[in-house]
Amino acid sequence: MEEVKDYLGHSTIRVTSDRYDHLFPRARQELAAGLDAIFTTASTAAVQRPQGGVVSSLDDPRGRQARRG
1244 MEEVKDYLGH STIRVTSDRY DHLFPRARQE LAAGLDAIFT TASTAAVQRP
1294 QGGVVSSLDD PRGRQARRG
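All you need for this note's numbering is the position in the sequence shown, starting with 1, plus 1243.
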């Protein structure tokens, strides 16, 4: 779409999208598939957290327990 915008001299990508978006159904399908893959990976990673691994804001970023008290 960006190349089309530049080629046609549109001021914004919105103008191009409003006018020609229906011509790019494959781009929409690829975007949907890409987002699905990202969300699937993220949700899989969230499920595979270490056992007993509730992350506390008091934990050191290197994985050591911060001193309390």
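All residues carry an ideal CB built from backbone N, CA and C; glycine is no exception.
Tell me the residue span of the alpha helix (DSSP H) that contains residue i.
i, result
"G1277", "P1268 to V1290"
"S1260", "I1256 to Y1263"
Looking at residue i and the ligand FAD, is the gap between the Cβ and the nearest heavy atom below 6 Å?
i, result
"S1260", "Absence of the ligand FAD is noted for the structure shown, with no ligands found whatsoever."
With a threshold of 8 Å on Cβ separation, who are the neighbours of residue i within its own chain once the five nearest residues in sequence on each side are excluded?
i, result
"T1313", "With the chain running from 1244 to 1312 in the structure shown, residue 1313 is simply not present."
"V1258", "K1248"
Short of 7 Å in beta carbon distance, which residues of its chain neighbour residue i, apart from the five on each side in sequence? Order them along the chain.
i, result
"Y1263", "V1247"
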